[in-house]
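Chemist: Below is the structure I would like to discuss, written out as structure tokens.
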Amino acid sequence: QKEVEQDPGPLSVPEGAIVSLNCTYSNSAFQYFMWYRQYSRKGPELLMYTYSSGNKEDGRFTAQVDKSSKYISLFIRDSQPSDSATYLCAMSATSSASKIIFGSGTRLSIRP
Amino acid sequence: NAGVTQTPKFRILKIGQSMTLQCTQDMNHNYMYWYRQDPGMGLKLIYYSVGAGITDKGEVPNGYNVSRSTTEDFPLRLELAAPSQTSVYFCASSVTGGAYEQYFGPGTRLTVT
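Top to bottom, those sequences are chains G and L. Count along the first sequence from 1, add 52, and you get the number used in the working numbering. Count along the second sequence from 1, add 83, and you get the number used in the working numbering.
Here is the structure:
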């Protein structure tokens, strides 16, 4: 069993829809949770970062962590075609970047 | 600032050949990282460096070597290329080494045949 599981998709939704992307994990020691966006043929870019449990909002994006269920989510409101990308979840038990475990990514397509 | 730059963008190698993937950052970051990304898999850490002259192995270091002689540059060397090293390679950097502040380069797509 992988430490971090992420549905690869692809997920296709109409423009303006609310998108929900999810990851599950098995290591209860994870404390740092990240979401990266990766456009085709580009490097990942950090979208959201959450420490421990709870919600964090940044514009149209909301990251949610449920440590009791070992489940994290990224919500995208009012989705735009420019949101079409692969979304990677990542997590770590320590603050060190050398210990990050990445999910395999979910491919998202927003239809105009 | 150009951020993190990587060269080449694409490369095809024959089995047994060697090559160096270049990575340069102009943000004066102490920490630098090399990852590989295979289809259907998460990014895997190959090597990282916490400063000039200091490097350490990540999760998948076999078949690779690194050096860090300057703050800006962190080249990744492949000796005796194998088909299993076909992947997309990303270099990243960060100021403090925190899990929440990595900046990635655009990647090098390598095929070994």
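Glycine included, each C-beta is placed from N, C-alpha and C at the ideal position. These numbers were taken from a predicted model, which means no experiment stands behind them.
Should residue 162(G) be labelled buried (16 or more other beta-carbon atoms within 10 Å of its own) or exposed?
Modeler: Counting Cβ neighbours within 10 Å, residue 162(G) comes out buried, since at least 16 surround it.
Chemist: Output, in chain order, the set of chain L residues within a Cβ distance shorter than 7 angstroms of residue 174(G).
Modeler: Beyond the ends of chain G as shown, which are 53 and 164, falls residue 174(G); an answer cannot be given.
Chemist: Looking only at C-alpha atoms, which of 133(L), 157(L), 145(L), 130(L) sits nearest to residue 87(L)?
Modeler: 157(L)
Chemist: Counting only beta-carbon separations shorter than 7 angstroms, does residue 152(G) have a partner in chain L?
Modeler: For residue 152(G), the answer is yes, since a Cβ of chain L falls inside 7 angstroms of its Cβ.
Chemist: Thinking just about the alpha-carbon of each residue, which of 183(L), 172(L), 165(L), 153(L) is nearest to the one in residue 96(L)?
Modeler: 165(L)
Chemist: Check the C-beta distance from residue 104(G) over to residue 116(G) and give it rounded, since I have them as a contact under 8 angstroms.
Modeler: Between residue 116(G) and residue 104(G) the Cβ distance is about 12 angstroms, and since that is not below 8 angstroms, they are no contact.
Chemist: Mind checking the stretch 176-195 of chain L against chain G and listing, in chain order, the residues whose C-beta falls within less than 9 angstroms of any C-beta there?
Modeler: 177, 179, 180, 181, 182, 183, 184, 185, 186, 187, 188, 189, 190, 192
Chemist: Could you list the residues in the stretch 127-155 of chain L with a C-beta less than 7 angstroms from some C-beta on chain G, going in chain order?
Modeler: 128, 131, 141
Chemist: Rounded to a whole number of angstroms, what is the C-alpha to C-alpha distance between residue 76(G) and residue 105(L)?
Modeler: 35 angstroms
Chemist: Can you tell me where the beta strand (DSSP E) with residue 127(G) in it begins and where it stops?
Modeler: In the DSSP annotation of this structure, the continuous segment of the beta strand (DSSP E) that includes residue 127(G) starts and ends at 123-128.
Chemist: Given this structure, state the Cα-to-Cα distance separating residue 114(L) from residue 142(L), to the nearest angstrom.
Modeler: 17 angstroms
Chemist: Taking the alpha-carbon of residue 87(G) as reference, which of 70(G), 69(G), 110(G) has the nearest alpha-carbon?
Modeler: 110(G)
Chemist: Provide the residue(s) that pair with residue 16(G) in DSSP beta bridges, ordered along the chain.
Modeler: Residue 16(G) cannot be examined here, being either before or after the span of chain G that is shown, 53 to 164.
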